[in-house]
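Asks: Numbering (this note's numbering), first residue to last: 6 to 373. We put the CB at the ideal spot given by N, CA and C, even for glycine. Mind looking over this structure? Questions follow.
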């Protein structure tokens, strides 16, 4: 008596299956379920149409910021995770996008036209700071991109002050569609839809010829050049795409915050964006969502909840600690500890751990 043994695993039998984002029914249900929950959040606040207070009102702002920063980290993932280049100037590029969009809107242009133009202008600025990638890499390239983080805010505060209002806040005009002003829930859904579109675009870039060239350069740029890939041209493309995503995120941040200042885009912001990518898992498409979500929930939810407890506990345990300064120093300290723990315990990030969890769930109830 013979038994028919069927191969296990997920196999693609058509090109359509190979192009799908959700490879299995489990992934599809999970993605749509997550999107449904996200879209439901503003409806369950006390200012929603139902008048219920199930979700705190602050959760809406947190999700909006996650959607915005996820776009910036998505661009950073294309550059760092898939192309293997380093950038410490992502917040500076966000500043270009934010101010370009705001200035164009103040000149009478609609938000829907100013936003893509600001993103493209940011991409051109990114090309300038990507030029050193022809000659240097690693630490030296990081220092070259770090220059953007100092040059761009200086330009905004000094030579461009007549347009940018210098170090003072620059108000952002209201965004409208006809007579309808986009605010509240409409603003929330606008940010979610644009962020979702950016995520899909970034996911599909990796499957193009340019995306495969990015990965080849990351793995071995010398071998990629021997295979006929124009390494310098594709590095510049990666910097351009990364900056475009940053400019888009900057324009959306201006749209969400209603005003912009150079202090919003400091060096710490660039380091935090890179840390979000490390925590999420560089080189994995889900990394920006997981990394940004984890960091913002930790910073805006967990740390404020822990601060009162630690203010009482730590001075008793360590009498030489000043309880007044704990609140100010706790957030960056926990943030740094989190990065160190991820580098030690799971250097491949949350996205890799999530994939392992999904695989183990598919094997249940068997352990093999």
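I'd like to check one pair, residue 151 with residue 94: are the Cβ atoms closer than 8 Å?
Replies: yes
Asks: Should residue 278 and residue 124 be called a contact, given that it needs their Cβ atoms to be closer than 8 Å?
Replies: Against a cut-off of 8 Å, the Cβ pair of residue 124 and residue 278 comes out as no contact.
Asks: Below 8 Å on the Cβ atoms is my contact criterion, and I expect residue 243 with residue 127 to pass it. Report the Cβ-Cβ distance as a whole number of Å.
Replies: So it is not a contact: roughly 14 Å between Cβ atoms.
Asks: What residues are listed by DSSP as bridge partners for residue 176?
Replies: 264
Asks: Which residue's Cα is closest to the Cα of residue 297: 285, 172, 18, 107?
Replies: 285
Asks: According to DSSP, is residue 107 part of a helix, a strand, or is it coil?
Replies: helix
Asks: Rounded to whole angstroms, what's the CA-CA distance from residue 180 to residue 249? Just pull it up for me.
Replies: Approximately 21 Å between the Cα atoms of the pair.
Asks: Tell me the start and end of each unbroken alpha helix (DSSP H) in the region 28 to 68 that is at least 4 residues and wholly inside, in chain order.
Replies: 30 to 45
Asks: Where residue 143 and residue 344 are concerned, what is the direct C-alpha to C-alpha distance, given to the nearest angstrom?
Replies: 20 Å
Asks: In angstroms with no decimal places, state the Cα-to-Cα distance between residue 113 and residue 25.
Replies: 41 Å
Asks: Round the Cβ separation of residue 356 and residue 295 to the nearest angstrom and send it over; I've been treating them as touching at under 8 Å.
Replies: 5 Å
Asks: On the three-state DSSP scale, how would you describe residue 186?
Replies: strand
Asks: Confirm, please, whether the CB-CB distance from residue 216 to residue 86 is below 8 Å.
Replies: no
Asks: If you scan the region 113 to 152 from start to end, which runs of the alpha helix (DSSP H) of 4 or more residues do you find wholly inside it?
Replies: Residue ranges of uninterrupted alpha helix (DSSP H) with 4 or more members, entirely inside the region 113 to 152 and ordered along the chain, are 116 to 135.
Asks: Let's test the definition: count the other Cβ atoms within 10 Å of the Cβ of residue 7 and tell me whether it reaches 16, buried, or not, exposed.
Replies: Note on residue 7: pLDDT 49, under 50, position unreliable in the model; no value is reported.
Asks: Mind checking residue 16: buried by the 16 CB within 10 Å criterion, or exposed?
Replies: exposed
Asks: Measure the alpha-carbon distance for residue 116 versus residue 321 and round it to whole angstroms.
Replies: 53 Å
Asks: Roughly how many angstroms separate the alpha carbons of residue 211 and residue 219, rounded to a whole number?
Replies: 8 Å
Asks: Could you check the C-alpha separation between residue 187 and residue 119 for me, to the nearest Å?
Replies: 15 Å
Asks: Buried or exposed, going by whether 16 or more other CB atoms sit within 10 Å of the CB of residue 77?
Replies: When all chains shown are included, residue 77 counts as buried.
Asks: Using the Cα positions of residue 266 and residue 154, report the straight-line distance between them to the nearest angstrom.
Replies: 14 Å
Asks: Can you tell me whether DSSP reads residue 25 as helix, strand or coil?
Replies: coil
Asks: Please list the segments of the beta strand (DSSP E) lying wholly inside the region 219 to 273, counting only runs of 3 or more residues, in order along the chain.
Replies: If you keep only unbroken beta strand (DSSP E) runs of at least 3 residues inside the region 219 to 273, you get nothing at all.
Asks: What is the rounded straight-line gap between the Cα of residue 162 and the Cα of residue 171?
Replies: 4 Å
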